[in-house]
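Take a look at the structure set out below.
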Amino acid sequence: MLEKLAMLSVNTNAGALSALRNLEANHKWLETLQERITTGYKVGSVTDDAAIYSIAQRMRGDLSGLRASMDSLDRATSAVDVALVATESISDILIEMKGKMASLLSAQQNNDDAAIEAYTADLDAYREQIKLMISSASFNGTNLIDSGNDIISALANSDGSETLDFDHQSLAFGGALITLTDDQNYSMDKINESIDNVNRAMGHFGTASRRLEIQREFASKLHDVIERGIGRMVDADLARTAADLQAAQVKEQLGIIALNIANQAPNSILALFGRR
């Protein structure tokens, strides 16, 4: 008994200090678990893990760039799709014009003035309809088939170093593609040539639309992969965290009990003086 009491001191309680350290460490862990449950992150700031937080921030920057790229691809796709729909409709009208032109040639051969006038009026109406389609084929101020020189350039990666660019295709009358002039000087050769040229322009926009769609799909998948990667690094496993929280709460209660027991140890010194 005296040998055990020889190490007791009223000034320094080693047992209490040890219990207090353990209690403080567990309390700090408890606070960490509570923060993880509140925020959903196991690495929510640079103080949690500087290396992981730095990597996650850089990847978040990549995500931001990818979102900008997807927005750019969406805008480009819309502009191209408008041009594609317009060229398809113009191609259909040119085919109708070809039929009317054949009827006009027949009427001219038969000197049928009434029919000539009627078929010419039909061709004029088709021409005006094509002109209206061309002027209306605009998305957000971009028209890829009028007499201007608008082009489409979409961001293809997160840092903007790569783009998908698609040329303007002018379908103005009397131009390189629609060789029909803006008057009543119709001919079968010019109509056939215009049909072939418009179909090539339609193919150009169809290819552009498909490329933009493929790139948008890739960017979306890449965005999801990076987002999941960030989550694996910084998100808290809430099921495990909940279990750890319960264990930490029990440890805190036990730590308080252990500290109370340790604080009672100096009372044993009173036995040396015949006191209890």
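When we follow the numbering used here, the leftmost residue of the sequence shown carries the number 5, and every step to the right adds one.
The beta carbon of each residue, even a glycine, is placed where N, CA and C say it ideally should be.
From a predicted model like this one, the values you see are computed outputs, not experimental measurements.
Supposed contact pair residue j and residue i - C-beta distance, whole angstroms, cut 8 angstroms
i    : j    : result
I138 : D150 : 5 angstroms
F177 : A83  : Rounded, the Cβ-Cβ distance is 22 angstroms, inconsistent with contact.
L108 : L127 : 7 angstroms
L274 : I41  : That belief does not hold up - the Cβ atoms of L274 and I41 are roughly 46 angstroms apart, past 8 angstroms.
G259 : L77  : Not confirmed; about 57 angstroms, so no contact.
I156 : A80  : 5 angstroms
Burial state of residue i (16 or more Cβ within 10 Å)
i    : result
L21  : exposed
T16  : exposed
I182 : buried
S272 : exposed
T51  : exposed
A18  : exposed
Residue i to residue j span [Cα, whole Å]
i    : j    : result
A180 : M105 : 21 angstroms
L168 : R244 : 46 angstroms
A23  : I261 : 9 angstroms
N196 : N147 : 25 angstroms
R220 : S140 : 26 angstroms
A60  : D53  : 11 angstroms
Q113 : R215 : 48 angstroms
M74  : S95  : 31 angstroms
A158 : S174 : 20 angstroms
Q253 : R25  : 16 angstroms
G103 : V86  : 26 angstroms
A72  : R204 : 31 angstroms
N264 : L70  : 57 angstroms
R131 : D117 : 21 angstroms
R236 : G48  : 13 angstroms
L184 : A129 : 14 angstroms
A251 : T43  : 20 angstroms
W33  : P270 : 30 angstroms
A55  : D248 : 24 angstroms
A10  : A266 : Bear in mind that a pLDDT of 47 at A10, under 50, signals an unreliable position, so the model cannot answer this.
S191 : E121 : 15 angstroms
E231 : A246 : 24 angstroms
I218 : Q257 : 59 angstroms
N115 : A160 : 60 angstroms
N189 : S68  : 55 angstroms
Near the ligand SAM: residue i beta-carbon under 7 angstroms from a heavy atom
i    : result
S198 : The ligand SAM is absent from the structure shown, which contains no ligand whatsoever.
Test item: CB-CB of residue i and residue j under 8 angstroms
i    : j    : result
D66  : S162 : yes
M63  : G233 : yes
T91  : M206 : yes
N30  : K255 : yes
Y57  : A240 : no
L98  : V202 : yes
A119 : F170 : no
G145 : H172 : no
L37  : F209 : no
Bridge-paired residues (DSSP) for residue i
i    : result
L159 : T167
S142 : N147
Y45  : D239
I182 : F177
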